[in-house]
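Structure first, then comments.
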Amino acid sequence: MDIGIIGPGRLGRSLGFLFDDVGHRVILVGPGDSQSELGDCDVVLLTVPDDSIETVAGQLSTRGVVLHCSGATDVEPLRPHHPAGSMHPLMTFPGPDISIPNLKGVHAAVAGDPKALTMARDLAKILGMIPTIVEGDRRLYHASAVMAGNFATVIFAQAATILEKAEIKPSLAREMLAPLAKQSISNATANPRDSLTGPVARGDTAIINAHRSALQEAGLADLLTLYDNLSHWARELKNSA
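In terms of this note's numbering, the sequence shown opens at residue 16 and continues consecutively.
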């Protein structure tokens with residue numbers, strides 16, 4: 016299959032590598048590059064920022080299926096093309112320079128008219144993903160993805176910052192916290208409420224207050240606010256039905 020990709024960012028380059036690795040011809044196009052070869056592609060993927068999808072689609076000439084890879088945007092910006100749809104891998108892509116994710120078992124949100132939907136499903140399966148139709152609000156779907164992916168990264172980074180204040184080197188702090196973070200996510204997959212541990216789950220007010228004092232004394236007032244907010248939601252989770 017000939018697969019065109021417009022947008023050589025982290026996602027575009029990663030998908031290009033993955034499709035090439037399983038034997039497909041990939042044409043990666045960036046700003047200012049000729050799009051002449053895209054006309055005969057079986058499918059063209061747009062891995063550009065959401066606010067550029069409509070403009071890029073309007074400039075594209077191809078006989079193939081056109082899919083964008085945004086999680087938050089519906090297929091309306093692609094309407095000049097038919098068939099048109101979307102395929103959004105529910106995974107983080109830090110870029111080939113850092114790592115290429117293993118997509119086996121990863122869900123991919125797919126949408127579009129019948130031919131585009133078939134193509135989106137096929138592409139997802141080629142990379143080992145599970146194609147899933149998200150019928151609800153795509154903005155909520157993507158907000159959920161951001162919380163599970165981006166915000167988990169932010170919380171991990173801030174946890175490492177706190178550990179550094181306890182005189183642990185940054186690289187060692189991340190190394191120490193990684194197994195805990197991975198196991199916590201694994202536990203939460205089965206049952207978030209029942210897997211919750213720590214002082215909030217135990218109702219250990221003395222330890223919580225000790226944490227709060229230490230954060231304040233370390234000059235981490237912003238992280239104290241984060242700690243308090245997350246503690247609130249931990250209590251809500253523990254007390255949920």
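Note that CB positions come from ideal geometry on N, CA and C, so glycine has one too. In this text the structure is predicted, and so the values were computed from the model without any measurement.
CA-to-CA distance, residue j to residue i, given in whole angstroms
| i | j | result |
| --- | --- | --- |
| residue 137 | residue 143 | 10 Å |
| residue 58 | residue 165 | 29 Å |
| residue 120 | residue 157 | 19 Å |
| residue 104 | residue 177 | 32 Å |
| residue 108 | residue 170 | 18 Å |
| residue 86 | residue 221 | 42 Å |
| residue 26 | residue 110 | 7 Å |
| residue 204 | residue 114 | 24 Å |
| residue 161 | residue 154 | 10 Å |
| residue 129 | residue 46 | 30 Å |
| residue 16 | residue 122 | 22 Å |
| residue 133 | residue 36 | 22 Å |
| residue 31 | residue 173 | 33 Å |
| residue 250 | residue 242 | 12 Å |
| residue 202 | residue 209 | 9 Å |
| residue 187 | residue 96 | 51 Å |
Exposed unless 16 or more other CB atoms sit within 10 angstroms - verdict on residue i
| i | result |
| --- | --- |
| residue 247 | exposed |
| residue 200 | exposed |
| residue 92 | buried |
| residue 28 | buried |
| residue 218 | exposed |
| residue 88 | buried |
| residue 230 | buried |
| residue 8 | No answer is possible for residue 8: it lies beyond the span of the chain, which begins at 16 and ends at 256. |
C-beta atoms of residue i and residue j nearer than 8 Å
| i | j | result |
| --- | --- | --- |
| residue 44 | residue 53 | yes |
| residue 99 | residue 81 | yes |
| residue 245 | residue 211 | no |
| residue 102 | residue 72 | no |
| residue 39 | residue 20 | no |
| residue 180 | residue 235 | yes |
| residue 195 | residue 175 | no |
| residue 22 | residue 75 | no |
| residue 56 | residue 79 | yes |
| residue 90 | residue 151 | no |
Cutoff 8 Å: residue i Cβ touching any chain B Cβ
| i | result |
| --- | --- |
| residue 177 | Within the model displayed, chain B is absent; a lone protein chain is all it includes. |
Quiz item: Unbroken beta strand (DSSP E) runs of length 3 or more, entirely within the region 41–76: which are they?
Solution: 58–61
Exercise. Could you pull out every unbroken alpha helix (DSSP H) segment of at least 4 residues lying fully inside the region 136–205, listed in chain order?
Key: 153–161, 167–180 and 185–205
Quiz item: Can you list the beta strand (DSSP E) stretches of 3 or more residues lying completely in the region 78–120, in chain order?
Solution: 80–83 and 99–104
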